[in-house]
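Respectively, the protein sequence lines represent chains A and B.
Under our numbering, the first residue of the first sequence carries the number 1, and numbering increases by one thereafter.
Under our numbering, the first residue of the second sequence carries the number 331, and numbering increases by one thereafter.
Each residue gets a CB set at the ideal place from its N, CA and C atoms; glycine is no exception.
Here's the structure, in structure tokens; my notes come after.
2 protein chains.
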Amino acid sequence: MNNNTDLDNLISKIQTGDITSLSKAITLVESSKSNHQALALNLLSKLSPNKNKTFRIGISGSPGVGKSTFIDTFGEMLCSLGHKVAVLAVDPSSEISKGAILGDKTRMENLSKNPRAFIRPSASGGTLGGVAKRTRETVTLCETAGFDVMLIETVGVGQSEIVVKSLVDFFLLLVQSGSGDELQGIKKGIVEIADTLVVTKDDGTNQNIVRITKAEYENALHYLSPINDFWFPKVLTCSAIDNIGLDNIWGNIKEFYLKAENEHYIFQNRKKQEVVWYQNNIFEEVKNMLLKNPKFKSMFNKYSIEIAENKTNSSIAYEKSKEILKSILG
Amino acid sequence: MNNNTDLDNLISKIQTGDITSLSKAITLVESSKSNHQALALNLLSKLSPNKNKTFRIGISGSPGVGKSTFIDTFGEMLCSLGHKVAVLAVDPSSEISKGAILGDKTRMENLSKNPRAFIRPSASGGTLGGVAKRTRETVTLCETAGFDVMLIETVGVGQSEIVVKSLVDFFLLLVQSGSGDELQGIKKGIVEIADTLVVTKDDGTNQNIVRITKAEYENALHYLSPINDFWFPKVLTCSAIDNIGLDNIWGNIKEFYLKAENEHYIFQNRKKQEVVWYQNNIFEEVKNMLLKNPKFKSMFNKYSIEIAENKTNSSIAYEKSKEILKSILG
Chain A
1 MNNNTDLDNL
11 ISKIQTGDIT
21 SLSKAITLVE
31 SSKSNHQALA
41 LNLLSKLSPN
51 KNKTFRIGIS
61 GSPGVGKSTF
71 IDTFGEMLCS
81 LGHKVAVLAV
91 DPSSEISKGA
101 ILGDKTRMEN
111 LSKNPRAFIR
121 PSASGGTLGG
131 VAKRTRETVT
141 LCETAGFDVM
151 LIETVGVGQS
161 EIVVKSLVDF
171 FLLLVQSGSG
181 DELQGIKKGI
191 VEIADTLVVT
201 KDDGTNQNIV
211 RITKAEYENA
221 LHYLSPINDF
231 WFPKVLTCSA
241 IDNIGLDNIW
251 GNIKEFYLKA
261 ENEHYIFQNR
271 KKQEVVWYQN
281 NIFEEVKNML
291 LKNPKFKSMF
301 NKYSIEIAEN
311 KTNSSIAYEK
321 SKEILKSILG
Chain B
331 MNNNTDLDNL
341 ISKIQTGDIT
351 SLSKAITLVE
361 SSKSNHQALA
371 LNLLSKLSPN
381 KNKTFRIGIS
391 GSPGVGKSTF
401 IDTFGEMLCS
411 LGHKVAVLAV
421 DPSSEISKGA
431 ILGDKTRMEN
441 LSKNPRAFIR
451 PSASGGTLGG
461 VAKRTRETVT
471 LCETAGFDVM
481 LIETVGVGQS
491 EIVVKSLVDF
501 FLLLVQSGSG
511 DELQGIKKGI
521 VEIADTLVVT
531 KDDGTNQNIV
541 RITKAEYENA
551 LHYLSPINDF
561 WFPKVLTCSA
571 IDNIGLDNIW
581 GNIKEFYLKA
591 ENEHYIFQNR
601 KKQEVVWYQN
611 NIFEEVKNML
621 LKNPKFKSMF
631 NKYSIEIAEN
641 KTNSSIAYEK
651 SKEILKSILG
């Protein structure tokens with residue numbers, strides 16, 4: 001694939017929903033080889049903006065909460081409703097790249113066999129900004145291929161929720177049932193970015209404790225400000241195994257989109273996410289370039305150490321650095 | 331005051347605790363005139379690091395919570411215990427500079443007459459970074475003048491708590507008594523930076539509701555992670571008018587310092603605050619310089635608008651910008 005005709009062919013095939021071509025394009029986007037990156041950019045610049053209505057949903061939850069089972073059953077339900085579902089994962093800690101496909105197929109046994117679903121393992125390695133960039137591009141490609149529901153999963157390690165939040169319209173947080181002291185989500189501050197909380201495993205002998213946990217989270221939510229004026233986070237419950245409550249969760253998400261679209265939130269928010277991403281990354285890039293600049297680096301390290309060792313104070317270090325900065329930035 | 335001898339004289343006088351000289355030095359530090367700034371820097375570079383044990387305490391709370399009355403009575407108590415108390419304010423929204431002195435004297439009637447106390451109104455104007463810089467320098471000068479307790483007050487507008495947090499060892503949050511829905515501190519996320527909460531106005535017919543509010547905040551704190559391993563925030567109560575509970579609050583603060591010093595927290599945290607301030611401000615300065623750079627500015631604005639208007643996507647804009655950045659940063 002070396003010329004424009006090849007790229008145009010690839011795009012045409014993606015637009016028909018051809019999975020092999022979609023995978024090939026995502027591999028290009030994820031590649032760190034410079035000729036692949038150039039091709040990927042060329043490819044992305046040729047895509048016309050997607051005009052179809054799509055859902056971009058983030059899903060997070062601690063290990064053991066039943067995320068795979070949830071996505072498997074929830075994705076199946078969405079496919080049966082006529083949607084085409086792409087499952088992507090953001091896992092900056094993951095060292096596994098292509099090998100994870102097998103893992104994903106095993107843990108989402110039904111969905112991985114569904115012709116209306118596309119499961120792509122985590123783009124691994126690199127900075128959070130890099131993972132976000134590649135995942136955003138993968139979303140664009142999946143939407144071009146006709147997938148209208150993106151389920152973007154995160155393992156909940158470190159800052160990955162923040163990355164996912166910056167890629168989605170709606171954020172679903174799966175939580176464990178358990179005692180009040182274990183409201184992990186709240187403690188981690190994750191609840192502050194969730195649009196809906198789902199207490200999982202509402203089945204068997206678990207049902208009583210699920211009801212108590214639900215009430216506790218509802219109480220805890222009162223202490224937090226909602227992210228959007230038009231939406232106050234709800235606490236729902238489900239059993240992925242017994243297939244109970246999943247239709248209710250989808251109803252809740254559709255209600256969010258209805259309200260959000262009345263507020264012109266979706267399109268504006270997506271564009272805002274992109275502008276914020278661009279601007280942050282420009283200054284991130286400036287930082288990286290400067291930290292490789294010998295003159296800047298020696299100044300920056302010298303004064304940081306001198307301040308820490310009480311050899312100068314920050315005001316003096318700052319004033320002296322400003323002069324050096326002027327000579328670097330011209 | 332034009333030469334080194336003058337500066338040396340000024341420093342000697344400050345070291346004896348002379349308030350007029352201290353005020354003169356703070357005025358220099360706050361001045362935006364470039365010759366004053368040069369003098370101030372020279373002055374700061376001549377100060378030897380303070381070796382005495384000092385307390386840097388941040389105090390915040392919504393208007394009406396009784397902050398002035400609290401500081402007035404609390405400061406008086408500390409003076410009577412042999413401390414020398416400096417009251418500084420961080421209020422980036424304030425347009426009043428010197429005129430505020432009268433206001434501060436009126437609202438802290440007793441403390442303003444106490445020879446062991448020094449009340450300095452808010453350094454106004456400029457960015458938060460600028461306010462933080464000047465307040466940090468004022469703290470250094472006050473400590474040189476022998477003041478050992480800094481009470482750094484903030485009005486709680488915008489990001490000013492964050493600024494104060496970056497200047498102090500210990501953060502006290504004053505809260506109103508009231509119903510559960512009015513746990514303003516929690517909603518604002520301020521509680522997350524508080525080392526101790528104080529429910530004010532524990533007097534007269536108020537006492538019952540104060541007790542309920544205390545219990546509610548104690549409950550709410552369970553949902554948050556403590557900032558430091560060695561310290562879990564407490565909820566205390568006081569009446570500044572009846573002078574009840576203030577000794578208990580001071581006892582609580584001293585307990586914090588005792589534990590913190592065992593952890594070598596105080597000195598290390600102060601140095602860390604200075605290094606963080608220096609590094610953040612260097613990149614803030616880089617940002618400012620770049621946004622004045624015509625080549626950078628036109629690139630940055632052009633692509634931000636094109637992304638927002640859906641004329642390009644962020645990946646393409648980013649790649650194109652990187653090339654331009656290289657030509658600017660060399």
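{"Item": "Classification of S80 of chain A by the beta-carbon crowding that lies within 10 angstroms, buried from 16 upward", "Value": "exposed"}
{"Item": "Spatial distance of S62 of chain A from V164 of chain A (CA atoms)", "Value": "15 Å"}
{"Item": "Rounded C-alpha distance that separates M299 of chain A from K254 of chain A", "Value": "53 Å"}
{"Item": "Reference P226 of chain A; option with closest CA among A:D242, A:F171 and A:T237", "Value": "A:F171"}
{"Item": "Any chain B beta carbon closer than 9 Å to E261 of chain A", "Value": "no"}
{"Item": "Residues of the stretch 276-287 of chain A whose Cβ lies closer than 8 Å to any Cβ of chain B, in chain order", "Value": "W277, Y278, Q279, N281, I282, F283, E285, V286 and K287"}
{"Item": "Cβ-based contacts, 7 Å cut-off: residues of the stretch 630-649 of chain B near chain A", "Value": "F630, Y633, S634, I637, A638, N640, N643, S644, S645, I646, A647, Y648 and E649"}
{"Item": "Reference V383 of chain B; option with closest CA among B:D478, B:T642, B:Q603 and B:T335", "Value": "Just to set this straight, residue 383 of chain B is Lys in the shown sequence, not Val. Closest by alpha carbon: B:D478."}
{"Item": "Residue closest to V210 of chain A, alpha-carbon to alpha-carbon, out of A:Q279, A:T200 and A:F267", "Value": "A:T200"}
{"Item": "Positions along the stretch 363-384 of chain B whose CB lies within less than 7 Å of some CB in chain A", "Value": "L371, L374, S375 and P379"}
{"Item": "Between the CA atoms of F404 of chain B and V139 of chain A - distance to the nearest angstrom", "Value": "58 Å"}
{"Item": "Integer-rounded CB distance, given that E467 of chain B should sit under 8 Å from S315 of chain A", "Value": "6 Å"}
{"Item": "9 Å Cβ cut-off: residues of chain A touching K601 of chain B", "Value": "I307, A308, E309 and N310"}
{"Item": "Residue burial classification, A215 of chain A (beta-carbon count within 10 angstroms, cutoff 16)", "Value": "exposed"}
{"Item": "Buried versus exposed, by CB contacts within 10 Å (16 or more), L258 of chain A", "Value": "exposed"}
{"Item": "I387 of chain B in three-state terms, based on DSSP", "Value": "strand"}
{"Item": "DSSP three-state assignment for N333 of chain B, whether helix, strand or coil", "Value": "coil"}
{"Item": "Three-state secondary structure assigned by DSSP to V235 of chain A", "Value": "strand"}
{"Item": "Neighbour list for N623 of chain B in chain A, Cβ cutoff strictly below 8 Å", "Value": "L329 and G330"}
{"Item": "Residues near D202 of chain A in its chain [Cβ-Cβ closer than 7 Å; skip 5 each side]", "Value": "V210, T237, C238, S239, I244 and G245"}
{"Item": "For R450 of chain B: DSSP bridge partner residues", "Value": "B:L418"}
{"Item": "Between the CA atoms of F385 of chain B and T465 of chain B - distance to the nearest angstrom", "Value": "15 Å"}
{"Item": "Reduced DSSP category for L246 of chain A - H, G, I as helix; E, B as strand; rest coil", "Value": "helix"}
{"Item": "Segments assigned alpha helix (DSSP H), at least 4 residues, entirely inside the stretch 466-492 of chain B", "Value": "none"}
{"Item": "Where the beta strand (DSSP E) through T526 of chain B begins and ends", "Value": "T526 to V529"}
{"Item": "Enclosing beta strand (DSSP E) for V505 of chain B [first to last residue]", "Value": "F500 to V505"}
{"Item": "N643 of chain B, DSSP secondary structure in three states", "Value": "coil"}
{"Item": "Alpha carbon of D8 of chain A to alpha carbon of I152 of chain A, nearest angstrom", "Value": "28 Å"}
{"Item": "Interface flag, K652 of chain B vs chain A, CB-CB below 9 Å", "Value": "yes"}
{"Item": "Which residues DSSP lists as bridging N35 of chain A, in chain order", "Value": "Beta-bridge pairing links N35 of chain A to no other residue."}
{"Item": "Between the CA atoms of V168 of chain A and F70 of chain A - distance to the nearest angstrom", "Value": "18 Å"}
{"Item": "Closer than 9 Å to chain A by CB, E604 of chain B", "Value": "yes"}
{"Item": "Residues near M150 of chain A by beta carbon distance below 6 Å, same chain, minus five either side", "Value": "R56, A86 and V139"}
{"Item": "Neighbour flag for R136 of chain A against chain B, beta carbons, 9 Å", "Value": "yes"}
{"Item": "Min CB distance T470 of chain B to chain A below 9 Å", "Value": "yes"}
{"Item": "Residue-level contact to chain B via CB, K113 of chain A, 9 Å cutoff", "Value": "no"}
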